[in-house]
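Numbering (the working numbering), first residue to last: 14 to 714.
Shown next, in C-alpha cells, is the structure this report addresses.
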C-alpha cells in the first residue's frame, strides 16, 4: 500500500483517522451527499473535478523551480521502481513517507512554516530506483542511463540539499537578501529584486510571473490564448487549455446562469485579463448552484509581496444539514456590521446580502481550509458582496483527529475539559462562520485610497492583518445575544471559542520545529493577537506541574481588548497604514519563546496528537453508459492518500473522454495505474526551466 498501515488509535479520530507517519496523520473526508445529486449535477461535479486536477502542475511549478520534474521522478520511482528487496534499507517505506509529505504540502516545503524538508532515503537509493523505473517503462523525459544520470544530478539539490532554496516564502530575509531573492517560490524570476520592482507597473498582478529578459522586467502572463489568435498563449498555456476543456464539458450540463459564469471563467483563462477575472467573479456571485467551484489564481499568501495568486481548486456541493449558522449570519449581516467596534465611517452602510452556506468538498488543491470567503478583490466585495462557506467535511475530520484532543490537553481544569468536550466542535464552526461570512466581508476603506486595494499599501503585511482581523470579528461577535437563536448554550459556546483561540495560540508553536519566528500569515496574525491580549492583562499564562495554560480571568474584559485591537486593525486597513501594521506585526506577531514551543511539542507528543493533518478527499468514480457518458458518480473512501494523488497526476493530463475511461479502469484494477502512466509518455510543465540558485548555507531564519 502507498501509505502506512492503519495504526492502533491512541487519540480520538474514529472513522476519520486513516494513517500516521511520524507527526503527520491522514484523515478521511466523507461526502455522502454526492449520491443525492441529480445526474446533471454529477456530470458537472465530475468535469469540475477533472479541471481541478488539470491545473495541479501549475501549482507545483509556482512553489518551486524544478518541482514538476521532481514530481515526475518520484512518481516514476514509486510506480515502476520500488525495490522488493528493500527490507534492510527501508527505501520503499521511506519513499512512501516522503511522497505523503510531498503531495500533502504541494512540494518540498512545509505549507505552514515554509521550511524545506528532505527525504529519509539517500540520493543513491533514489538513483537506483529511477534506473529500475526507466527499465520498466516509466515515462521519464530521458532515453538512456547516461541522460537519466544527468537529469538526476540536476534535480539533486532540489530534493536533497536542505540549504538550497530553504524557505518557500521569506518575510524576514537573511542579510544580503530581500523578500524575493530569499523566497524559493517562482512568483519572480531569477535575479529579480524588490528594488527592481520599484516603480514597475504590473498589468496582470494576480496571474503573472515577473522575470528579467535582456535586463528588462517582463510579465509572463498565465493564459491559454484565445481561439482566434488575438491573444497569444502565455505561461501555463498547455495546462490551462486542459482546464478549459473540462470547464467546457461541465458547461454542457450546468444550469444556464452557471453555464454563463463558467463561460466567463473560460474567457479569463484564455486572456488572463484582470477585467475578465472581475467579470467572472461578478457572474459567480450572482449564481448559487448546488455544485460549485473555486478555480483560478486566488490566494496570495505564497508571494512575499502579497500580489501573485496561487492555483487553487476547490470542488464542492451544498450541505443543507449544516446551514443554520451560515443562514443566520447571512440574514443578519447588516445587523452584525452595525455593531462592529471601529469608527462608523469604516462600517458598510448597505451590506450586500452575502451567499453564506455550508459545503462538503469533493476534491481540493491545496490542502483544504475550514472556511472560504471570496472573491478577495475589495472593489468587487464592496459593490457586489461575497460568498462565504463553511467546509463541513473538513471541520468534522480536523475536529475529530486534532482540534478536540488538543482542546482537552490544554484545558487547565476538569470543568474546562468538560466544557471543551461539549462545545469545542460547535465553537469552531461558529468561529469559522463569523471569520468567513462577516470577518473578511466587513468594513469599507477610506476614500483617500482612491479605489485601490489596501494590499497595495500594506504590502507583505496585508494577509497577516486580514486573517487577524477576521478572527477578531468572530471573537467580538461571539457573545452577541442574536446567537441565542442557534443554541441555548450560546454563552458557553462563546467562552469555549475564546479558550480554543488561546489553545491554538499555544499549539501553533509546535509547527515551527526550528528557530523562534513565525513566517506564515495566519500564524503571525494569531500570535500578534494573543500577544496583544497578554500584554493587556486580559489573558494570563498559568504554569502548573510544568504545563503552561492561557487563561481568561474575565471574558468581558477580554472582549473589550478584542474590540480595541480589531478597531485598530480596521483603521490601519482602511487608511493603508503600512508603518502601523508593520510595527504591530514586528513587535507582537513574529518572535516567540522556543522553550515554550518545546514544552508544547512535548505535551502534544505525549498525547499522540499529530502535528500535521493531511486530508484525503472522497474519491468520486464515474459510472458510464454505452456511449461513454457519465450517468452516475460513486463515492469511494478506501483509496490511500498517495494512490489518490498518483491518480490525479494521470487524470489531470488527459482530455475529458479519455479521463472518464481511465478513471473507471483505475477504480477497477490497481494494475491499471502502471499502464495509465506508460500511456502518458514523457511530458513536463510548459514553464521554462529556471532556478534562483543556491541559498546561503545557514539555517532557515
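We put the CB at the ideal spot given by N, CA and C, even for glycine.
All values derive from a computational prediction rather than experimental measurement.
I'd like the list of long-range same chain contacts for residue i, defined as Cβ closer than 7 Å, with 5 residues on each side in sequence excluded.
i: residue 67; result: 252, 255, 256, 259 and 665
i: residue 397; result: 295, 298 and 365
i: residue 115; result: 87 and 121
i: residue 393; result: 291, 294 and 295
i: residue 695; result: 152, 153 and 154
i: residue 221; result: 215, 232, 233, 234 and 235
i: residue 305; result: 329
i: residue 59; result: 633, 635, 643 and 646
i: residue 42; result: 374, 406, 407, 410, 628, 629, 630 and 631
i: residue 51; result: none
By Cβ distance, which residues of its chain are closer than 6 Å to residue i, with the 5 residues on each side in sequence left out?
i: residue 488; result: 575
i: residue 71; result: 249, 252 and 324
i: residue 171; result: 79 and 83
i: residue 311; result: 322 and 325
i: residue 702; result: The predicted position of residue 702 is uncertain, since its pLDDT is 46 and thus under 50; a value taken from the coordinates is nonetheless stated next. None.
i: residue 698; result: Low confidence applies to residue 698: its pLDDT is 44, below 50, so where it sits in the model is not reliable, and the reading given next is rough at best. Contacts found: 70, 74 and 81.
i: residue 462; result: 589
i: residue 680; result: 634
i: residue 453; result: 386 and 483
Can you tell me which of the options puts its alpha carbon nearest to the alpha carbon of residue i?
i: residue 406; options: 97, 373, 328 and 387; result: 373
i: residue 320; options: 347, 594, 389 and 44; result: 389
i: residue 417; options: 149, 623, 43 and 283; result: 623
i: residue 674; options: 461, 637 and 421; result: 637
i: residue 191; options: 469, 207, 485 and 610; result: 207
i: residue 646; options: 56, 42 and 38; result: 56
i: residue 722; options: 649, 662, 677 and 653; result: The structure shown does not extend to residue 722, since the chain is modelled only from 14 to 714, so the question has no answer here.
i: residue 603; options: 552, 74 and 185; result: 185
i: residue 174; options: 136, 202 and 211; result: 136
i: residue 441; options: 182, 472, 491 and 679; result: 491
i: residue 532; options: 363, 316 and 31; result: 316
i: residue 519; options: 199, 379, 37 and 543; result: 543
i: residue 125; options: 535, 356, 655 and 592; result: 535
i: residue 217; options: 527, 401 and 285; result: 285
i: residue 167; options: 438, 403 and 140; result: 140
i: residue 578; options: 549, 275 and 495; result: 549
i: residue 34; options: 278, 111 and 53; result: 111
i: residue 198; options: 211, 573 and 182; result: 182
i: residue 279; options: 61, 189 and 514; result: 61
What span of residues does the alpha helix (DSSP H) with residue i cover, start to end?
i: residue 170; result: 158-173
i: residue 548; result: 534-548
i: residue 580; result: 568-588
i: residue 646; result: Element bounds for residue 646: not the alpha helix (DSSP H) but the beta strand (DSSP E), 643-649.
i: residue 62; result: 52-67
i: residue 613; result: 607-619
i: residue 317; result: No alpha helix (DSSP H) contains residue 317, which DSSP labels as neither H nor E.
i: residue 444; result: 427-446
List the whole-angstrom C-beta distance separating residue i from residue j, where the pair is believed to meet the contact cut-off of C-beta under 8 Å.
i: residue 505; j: residue 432; result: 6 Å
i: residue 117; j: residue 627; result: 4 Å
i: residue 244; j: residue 224; result: Not quite, the Cβ-Cβ distance comes to about 20 Å (not below 8 Å), so this is no contact.
i: residue 239; j: residue 283; result: 5 Å
i: residue 446; j: residue 538; result: Going by Cβ atoms, the distance from residue 446 to residue 538 rounds to 18 Å, so no, they are not a contact pair.
i: residue 94; j: residue 143; result: 6 Å
i: residue 386; j: residue 399; result: 6 Å
i: residue 584; j: residue 594; result: Wrong, their Cβ atoms sit about 10 Å apart, outside the cutoff.
i: residue 404; j: residue 381; result: 6 Å
i: residue 456; j: residue 359; result: 5 Å
Since residue i is in the beta strand (DSSP E), which residue starts that stretch and which ends it?
i: residue 378; result: 368-378
i: residue 491; result: Neither: residue 491 is in no beta strand (DSSP E) and is coded neither H nor E.
i: residue 560; result: 560-564
Identify every residue that forms a DSSP beta bridge with residue i.
i: residue 309; result: 325
i: residue 401; result: 369 and 386
i: residue 40; result: 30 and 628
i: residue 187; result: Paired residue(s): none; residue 187 is not in a bridge.
i: residue 229; result: 226
i: residue 557; result: 560
i: residue 358; result: Note: residue 358 sits in no beta bridge, so no partner.
i: residue 201; result: 223
i: residue 129; result: 122
Counting only the same chain and skipping the five closest in sequence on each side, list residues whose C-beta sits under 8 Å from that of residue i.
i: residue 522; result: 605, 609, 610, 613 and 614
i: residue 541; result: 477, 481, 597, 598, 601 and 602
i: residue 530; result: 185, 603, 604, 605 and 714
i: residue 561; result: 519, 554, 555, 609, 612 and 613
i: residue 591; result: 470, 471, 472 and 474
Under the criterion of a Cβ to heavy atom distance below 6 Å, does residue i qualify as lining the ligand FMN?
i: residue 320; result: By its list of ligands, the structure shown contains no ligand whatsoever, and the ligand FMN lies outside what it can speak to.
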